[in-house]
Amino acid sequence: MKKKALITGASRGIGSAIAEKLAENGYNLVLTGRDLSMLEKTKTRCEVYGVQAEIYAADLSSEAEIAELFQKSGTLDLLVNNAGFGIFDAIEDIKLEDWQQIQKVNVEGAFLCLREAMRTMKKSGGGRIINISSVVGVKGYPNQAAYGASKHALLGLTKTAIEEGKEDNIRVHAICPGGVATEMVKQSRPDLTDFSAMIQPEDVADAVVYLCSLPPTITVDCIHLRRAASAQTW
Ligand SMILES: NC(=O)c1ccc[n+]([C@@H]2O[C@H](COP(=O)([O-])OP(=O)(O)OC[C@H]3O[C@@H](n4cnc5c(N)ncnc54)[C@H](OP(=O)(O)O)[C@@H]3O)[C@@H](O)[C@H]2O)c1
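Per the numbering used here, the very first residue in the sequence shown carries number 1363; after that it's consecutive.
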């Protein structure tokens, strides 16, 4: 029987690449995000591999929508907590509502998804959860305080979930990529013009597939993805 994975933020960028790579590796999928037309495009690309892909729109700032998403999704073998966004300002310019919305989606939304997944995986005998944090979850960067705090928090959540999941055969990991060539990096680094040498969304998807290939006897806390041919730390 095929395994089933739920991927948040599957409408574009890294999440869409993860969905495609998991489809290629035989996973049935639940794809979520807010943009249904973009989710449809990801679904079409995934179904080429002969797997089933369900799509459910959900705003991860809504506890009710997350609860409904997991109720519709049923039993899961894998959750990829990928959705996230940033608003990039110097600390003195950050608006409180921007700060709160970033924590709401990137931390609270990810926590609620992780909590739902741990509950269902505990009942079904185990599973795997992969949280997409960031190099910004490890290191500080100018203009990224709100986003960086959310990604540090996601790493903190991962560390506790790793410990709590052990007894229930739930393996939890984080991936902390440096800058990945998606819409988000264009917003956060408007000074950059060449994205071709950057980490590609497919590189992050490969790391997800690697983690999924590990036997349940092995734990990996975090994969840090960086460009090799660069002195830059992101
Ligand atoms: N790009 C980078 O340099 C980089 C580096 C390290 C880590 N990351 C992390 O990787 C993840 C994916 O980023 P990306 O670069 O692929 O960004 P992206 O292209 O902007 O995609 C972000 C995804 O998150 C979803 N999303 C945003 N807000 C949401 C909400 N309120 N409810 C539900 N879904 C929401 C979006 O879906 P809808 O618009 O359809 O809702 C979209 O699918 C993020 O967590 C990001 O922090 C990115």
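For every residue, glycine included, the Cβ atom is placed at its ideal position computed from N, Cα and C. It should be emphasised that the depicted structure is a prediction, and the values quoted were computed from it without experimental measurement.
Top-ranked residue by Cα proximity to residue i, from the options
i: Ala-1419; options: Ile-1585, Thr-1394, Leu-1573, Ser-1550; result: Thr-1394
i: Arg-1589; options: Gly-1540, Ser-1550, Ala-1507, Trp-1461; result: Gly-1540
i: Glu-1425; options: Asp-1565, Glu-1478, Thr-1555; result: Glu-1478
i: Thr-1392; options: Met-1400, Ile-1417, Arg-1374; result: In the sequence on display, residue 1392 carries Val and not Thr. Val-1392 has its Cα closest to that of Ile-1417, out of Met-1400, Ile-1417, Arg-1374.
i: Met-1400; options: Ser-1550, Gly-1377, Gln-1433; result: Gly-1377
i: Lys-1405; options: Gln-1549, Ser-1423, Ile-1380, Thr-1544; result: Ile-1380
i: Met-1546; options: Gln-1562, Ile-1532, Ile-1537; result: Gln-1562
i: Ser-1575; options: Pro-1552, Gly-1489, Lys-1548; result: Gly-1489
i: Gly-1412; options: Ser-1512, Lys-1548, Asp-1397, Asn-1390; result: Asn-1390
i: Asp-1583; options: Ser-1486, Glu-1526, Glu-1427; result: Glu-1526
i: Gly-1487; options: Lys-1528, Phe-1432, Ile-1453, Ile-1524; result: Lys-1528
i: Ala-1507; options: Asn-1531, Val-1570, Ile-1491, Gln-1462; result: Gln-1462
i: Lys-1521; options: Glu-1402, Val-1534, Asp-1565; result: Val-1534
i: Glu-1386; options: Ala-1543, Glu-1564, Ile-1580; result: Glu-1564
i: Ile-1456; options: Leu-1440, Val-1497, Ala-1415, Ala-1511; result: Ala-1511
i: Ala-1598; options: Leu-1474, Lys-1434, Thr-1581, Ile-1428; result: Not covered by the structure: residue 1598. The range shown for the chain is 1363 to 1596.
Under the three-state DSSP convention, the category residue i falls into
i: Val-1467; result: helix
i: Ile-1449; result: coil
i: Gly-1395; result: strand
i: Leu-1477; result: Contrary to the premise, residue 1477 reads as Arg rather than Leu in this sequence. It is helical.
i: Leu-1422; result: coil
i: Pro-1563; result: helix
i: Thr-1520; result: helix
i: Leu-1598; result: Nothing about residue 1598 can be read from this structure; the chain reaches only from 1363 to 1596.
i: Gly-1527; result: helix
i: Leu-1587; result: strand
i: Lys-1366; result: strand
Closer than 8 Å: residue i CB and nearest ligand 1 heavy atom
i: Asn-1531; result: no
i: Ala-1372; result: yes
i: Asn-1390; result: no
i: Asp-1421; result: yes
i: Ile-1494; result: yes
i: Lys-1457; result: no
i: Arg-1396; result: yes
i: Cys-1450; result: In the sequence under discussion, the amino acid at residue 1450 is Phe, which differs from the Cys named in the question. No, the Cβ of Phe-1450 stays beyond 8 Å of every heavy atom of ligand 1.
i: Cys-1408; result: no
i: Val-1547; result: yes
i: Leu-1401; result: yes
i: Tyr-1572; result: no
i: Val-1469; result: no
i: Tyr-1509; result: yes
i: Phe-1432; result: no
Integer-rounded CB distance, given that residue j should sit under 8 Å from residue i
i: Asn-1493; j: Ala-1472; result: 6 Å
i: Asn-1444; j: Ile-1369; result: 6 Å
i: Val-1566; j: Ile-1537; result: 6 Å
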